[in-house]
Amino acid sequence: MADPDQFEINDLLSVEERLAAEALIVDVEGYEGPLDLLLQLSRTQKVDLMKISILHLAQQYLIFVEKATELRIELAADYLVMAAWLAFLKSRLLLPPDPTDDGPSGAELAAHLAFQLQRLEAMREAAAKLMARDQKGRDFFVRGIPEEVARLRNVTYSASLLDLMQGYARVRTKDEFRPFVMDREAILSMEQALERLRGLIPYAVEWADLASYLPEGWELDPKKRRSATAATFAASLELAKQGQIEIRQSGTFARIEIKARTGR
Amino acid sequence: MSEPVSDAASDDTDLDAPAEASLFEAPPLAEQERMVEAVLFASANPVSVAEMSGRMPHGCNAKAALEMLQKRYEGRGVRVVKIGEAWAIRTAPDLGFLMQKETVETRKLSRAAIETLAIVAYHQPCTRAEIEEIRGVSVSKGTIDQLLELEWIRFGRRRMTPGRPVTYVVTPSFLDHFGLESARDLPGVRELRAAGLLESRPMPGLDDEDSEDQDDLFEDES
Amino acid sequence: MSEPVSDAASDDTDLDAPAEASLFEAPPLAEQERMVEAVLFASANPVSVAEMSGRMPHGCNAKAALEMLQKRYEGRGVRVVKIGEAWAIRTAPDLGFLMQKETVETRKLSRAAIETLAIVAYHQPCTRAEIEEIRGVSVSKGTIDQLLELEWIRFGRRRMTPGRPVTYVVTPSFLDHFGLESARDLPGVRELRAAGLLESRPMPGLDDEDSEDQDDLFEDES
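Residue numbers (the UniProt record's numbering), protein chains in the order written: chain Z, 1 to 264; chain X, 1 to 222; chain R, 1 to 222.
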């Protein structure tokens, strides 16, 4: 980092700038990173950020780092990384372009840095303008006595006649009867299902899930449920064919619902 | 305390003394009206005239401004009302319906409730003890209350037995909901069995026959 | 079915036929204006047009009524403001001095938080890496958390770049707090965009391979 140009650079700086640089060193804690510091340094050039001399800025920054090192102020790594990058940028800007090097030119890099500084500056101004706006709770106010919307929740309970009958059957089978169970195997034949469904049809006045027509005790065991579902479904198709019931399904894999075909 | 302090007195004196007499000229009344409007809107509590005056610039006539504002809001969606000695903005009473939102939710009746209802329907009049005996489990008060609230069951006559327990019967709105003419229209036990809702336990000896039957049926079917 | 039922037809005929043709007559617009006035006055939070319509009787035109109401309140002590797709009543900012009592002491935001908020607002959707690139320093989690907690920013969609980083966007309550109708109304946003200062420009070839990769990804994304 020993810069042969250092004296020259020092000479380039006015007394004012040197004082500013020293003041900066004391305040190093006050900067939010290298970009923030660069933005502050660029202000000492007292020109529009569009016209800023990036070469000059790089020199200012390198001096800052140099001084900080002299004063044994420990700089965070990102300040040193930026210093190295700026030294690289400076050499690019000072040396004639090397035709064998296909990397970005010094001018491109300088333009990007200028863009970053402008963008940061713009965002700071935007933030200041935003905070200067009228703010809720400070400049304008909301309703002091809001009337919250009262939500009246009306719950209606529904039960069908079939639910009622099944409920009663469930209760009654506890003593006198027990649910129909195929003791041998977990298989319900379609004929059995058909028999069952035929008996139930007169009560199927409303659309109801086919699953609710499975025989008692067949819904819990997966094997039995599968068999009962298949048989009941086949039986319902048969009954539909015979014109005794109607079947509907709203979509693929949706519930299959049946109801008695009403002649009324 | 008998001597009114100038601040409190301002309410009285503003009316007769012209505003020009004040060192700081009071804002025009229209502006004062804007002020009371904003304060009434934003304040979390009704605002008294004294408090309002205290918040407005010197020389303002809060009372006059409030009365002007009240006139302005006549017939609008909100009104400026006086509550005791304080003022507030309130929704016009005829628009109260906008402040509530009704949602209707349909829920399936619980299994306990359905069973209890079914037992009442089939066995009415029926005491709680009887329901519990038939169900084999105790019936929670909540279940009974829910059915009472739905107006599907109601209290019947007390049973003339020790303790004179209340009985439950189903209501006309129960019959209405389930599309029944009377509770006698409920399918009987025999019909339930015929419908396959009640299946008697197959006799152990008949197992073989049953399975033969079934085989026959399968053959028939194919 | 060729004969339109009066109910279904009402929507179509409202425009040409007089309101009497409708089965449910919509209230006159003046009455609708009273309704939106009552609802807006009652609510501390902005009310969306959809919610407003849902609370008003069938056939009302909430948007037209809101616009009418907004005109009516021009120059008054409270204003009808539009925030995104929602509407609210707020006190006129020039009367803020009357409200010291209502002022809520807000937590003072750090410079980092204010800048981060501005960057999200102007560059949204915006990743944490982008915020850091613009500010030139890392953004602490606490800063982001504070803004999330204030409900001024929220998570947007993930960016379709390696690591699928989350993005941040500003919220309706940010707009409400700063009295903005939309993010397009941020101060100076048009000028900043015209100056190219809201663009994300990659550093020219600091690391050639990296930047090439990035170019590819950008292309993929678009």
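Quick reminder that beta carbons are idealized off the backbone N, C-alpha and C, glycines included.
All of these numbers come straight from a predicted model, not from anything done at the bench.
Beta-carbon proximity of residue i to residue j, cut-off 8 Å
i: M35 of chain X; j: G77 of chain R; result: yes
i: I256 of chain Z; j: A204 of chain Z; result: no
i: Q124 of chain R; j: Y168 of chain R; result: yes
i: I89 of chain X; j: F41 of chain R; result: yes
i: A234 of chain Z; j: L188 of chain Z; result: no
i: R147 of chain X; j: A113 of chain X; result: As written in the sequence, residue 147 of chain X is Leu, which differs from the Arg given in the question. Yes, these two residues count as a Cβ contact at 8 Å.
i: P146 of chain Z; j: A44 of chain R; result: yes
i: A121 of chain R; j: L197 of chain R; result: no
i: L120 of chain Z; j: R135 of chain R; result: yes
i: I201 of chain Z; j: Q244 of chain Z; result: yes
i: V137 of chain R; j: E32 of chain Z; result: yes
i: H56 of chain Z; j: Q45 of chain Z; result: yes
i: V155 of chain Z; j: R107 of chain X; result: yes
i: Y168 of chain Z; j: A118 of chain X; result: yes
i: A86 of chain X; j: V39 of chain X; result: no
i: L130 of chain Z; j: F178 of chain R; result: yes
i: L62 of chain Z; j: Q116 of chain Z; result: no
i: A127 of chain Z; j: E132 of chain R; result: no
i: L109 of chain R; j: A122 of chain Z; result: no
i: E33 of chain R; j: A62 of chain R; result: no
i: H75 of chain X; j: E25 of chain X; result: This sequence places Gly at residue 75 of chain X; His is not what is there. No, the Cβ-Cβ distance between G75 of chain X and E25 of chain X is not below 8 Å.
i: M111 of chain Z; j: L89 of chain Z; result: Residue identity check: residue 111 of chain Z is Ala in the sequence provided, not Met. No, Cβ-Cβ distance for A111 of chain Z and L89 of chain Z is not below 8 Å.
i: E219 of chain Z; j: R170 of chain Z; result: no
i: R190 of chain R; j: T171 of chain R; result: no
Sheet register partners of residue i (DSSP bridge)
i: Q100 of chain X; result: Z:A150
i: S158 of chain Z; result: X:K108
i: Q249 of chain Z; result: Z:I256
i: D176 of chain X; result: Answer is none; D176 of chain X lacks a bridge partner.
i: A88 of chain X; result: X:V81
i: K136 of chain Z; result: Z:F140
i: Y213 of chain Z; result: Answer is none; Y213 of chain Z lacks a bridge partner.
i: S48 of chain R; result: R:A86
i: V167 of chain R; result: The sequence shown places Thr at residue 167 of chain R, not Val. DSSP, once it has assigned bridges, lists R:T127 as partnering T167 of chain R.
i: A208 of chain Z; result: Z:I258
i: I153 of chain R; result: R:V170
Chain Z within 8 Å of residue i, Cβ atoms only
i: K141 of chain X; result: no
i: I134 of chain X; result: yes
i: S43 of chain X; result: yes
i: A21 of chain R; result: Unreliable placement is indicated for A21 of chain R, whose pLDDT of 46 sits below 50; the coordinate value is still reported in the next sentence. Taking Cβ atoms only, chain Z never reaches closer than 8 Å to A21 of chain R, which makes this a no.
i: G179 of chain X; result: yes
i: L150 of chain X; result: yes
i: I119 of chain X; result: yes
i: Y122 of chain R; result: yes
Below-8 Å beta-carbon distance, residue i vs any chain X residue
i: I245 of chain Z; result: no
i: T229 of chain Z; result: no
i: A132 of chain Z; result: no
i: V78 of chain R; result: yes
i: A260 of chain Z; result: no
i: R255 of chain Z; result: no
i: L98 of chain R; result: yes
i: E102 of chain R; result: yes
i: M35 of chain R; result: yes
i: L164 of chain Z; result: yes
Residue-level contact to chain R via CB, residue i, 8 Å cutoff
i: F141 of chain Z; result: yes
i: I83 of chain X; result: no
i: T91 of chain X; result: yes
i: A126 of chain Z; result: yes
i: P222 of chain Z; result: no
Presumed contact (8 Å Cβ cut-off) between residue i and residue j, rounded CB distance
i: D139 of chain Z; j: G96 of chain R; result: 4 Å
i: V81 of chain X; j: L69 of chain X; result: Not confirmed; about 11 Å, so no contact.
i: S236 of chain Z; j: L197 of chain Z; result: 6 Å
i: E246 of chain Z; j: A254 of chain Z; result: Going by Cβ atoms, the distance from E246 of chain Z to A254 of chain Z rounds to 16 Å, so no, they are not a contact pair.
Query raised in the report: Touch check for the region 190-202 of chain Z and the region 131-150 of chain X: three-plus C-beta pairs under 8 Å?
Result: no
Query raised in the report: For the 8 Å Cβ check, are there 3 or more pairs between the region 102-120 of chain Z and the region 42-55 of chain R?
Result: no
Report task. Check whether the region 125-145 of chain Z touches the region 40-55 of chain Z, taking contact to mean three or more Cβ pairs, one atom from each stretch, closer than 8 Å. Result -> no
Query raised in the report: Given 8 Å as the limit, is there contact between the region 163-182 of chain X and the region 109-129 of chain X, that is, 3 or more CB pairs closer than that?
Result: yes
Requested in this report: Examine the Cβ distances between the region 156-176 of chain Z and the region 204-220 of chain Z and report whether three or more of them are shorter than 8 Å.
Outcome: yes
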